[in-house]
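Be aware that the sequence shown starts at 740, since it is given in our numbering, and climbs by one per residue. Glycine is no exception: its CB is placed at the ideal position from the N, C-alpha and C atoms. Given the structure is predicted, the values throughout are model-derived calculations rather than measurements. Worksheet: the structure to be examined is printed underneath.
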Amino acid sequence: MTGHRPADSDVVELLTKGDLRIEGRLSGASNTTLFCVAEDDSGGEVACVYKPVRGERPLWDFPDETLGHREVATFELHQWAAASLGRTALVPTTVWRADGPLGAGACQLWIEVTETSCVDVVPSGEVPTGWLSVLRASDDYGRPLELVHRDDRRLRLMCLLDAVTNNSDRKGGHILCTEDGAIYGIDHGLCFSDDDKLRTVLWGWAGTELTETEADLLQAMVTALAAGPLAEILAEHLFAEEIAATSYRAQRLLRHGQFPVPDGRWPAIPWPAF
């Protein structure tokens, strides 16, 4: 890839308005997901993932042609949370493009990853130090295994925000680790349903008491969802009842004062888990 790498302040502009050059397709994705380069006339360019609306597969439990909007809404909520906490957002920059080679859709900054994983499967009873156990199972040969994930404050925040956004598809492969140690969550098209359908591999904090910082964040979020810039931008991508349900979930977490636990009414783990 030639040209200069843009500063972070230019990424949104490039993703939103830059010319998209399709380089290939991510074959493992269930919806049309294209690897692209967004470029401008000055030579600025950035690698990205482009998900056109026309490539979305219809689902029985989500309205048609809304998955890309949910991706953008998730980024905006994470961006708000990161700014509130003085941290880096856990979702790559994601924007809505009114046009593109295949029409309107979501466009997300490409993240280069390492082989290091935040989620793993280990022999039962051999959970590494600094990791949390999620569940026990067995492989095809009957050997006992455990699904585990890192005990990391960034994953903990991701877990909390997944509960707020009602993420129905937090697979292990949807958590990216970079060479410089950053962590990102991707693939948020199945978020913000107004029906409870949380499915995640990040159950290691189930039932854990919220910290004061987490409670303060949720309280501020409830206020921000009622009126203001966050409410306005989410209204561009979500239905009113979905925003109301998001606020309700944040309030419910505050009332319970702890991370959610599986309740048996909905599969707790996405399949496949990776």
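In this chain, the beta strand (DSSP E) harbouring Q847 covers G844 to L848. D758: member of the beta strand (DSSP E) spanning D758 to R764, first to last residue. In the DSSP annotation of this structure, V903 is not part of any beta strand (DSSP E); the continuous alpha helix (DSSP H) holding it starts and ends at R892 to T904. In the three-state scheme derived from DSSP, where H, G and I count as helix and E and B as strand, W819 is classed as helix. CA-CA distance, D933 to L900, rounds to 15 Å.
Closest in C-alpha terms to E865, from the list W849, L886 and P1011, comes L886.
Following the DSSP letters along the chain, one finds S863 in no alpha helix (DSSP H), marked with neither H nor E. When C-beta atoms of the region 1001–1009 are compared with those of the region 947–962, fewer than three pairs fall below 8 Å, so the two segments do not count as touching. Residue pairing by DSSP places Q997 opposite E948 in a beta bridge. Going by C-alpha positions, V751 is about 20 Å away from E762. If you look at L829, you'll find it isn't in any alpha helix (DSSP H); DSSP assigns it neither H nor E. In the DSSP assignment, P968 falls within the unbroken alpha helix (DSSP H) covering P968 to A974.
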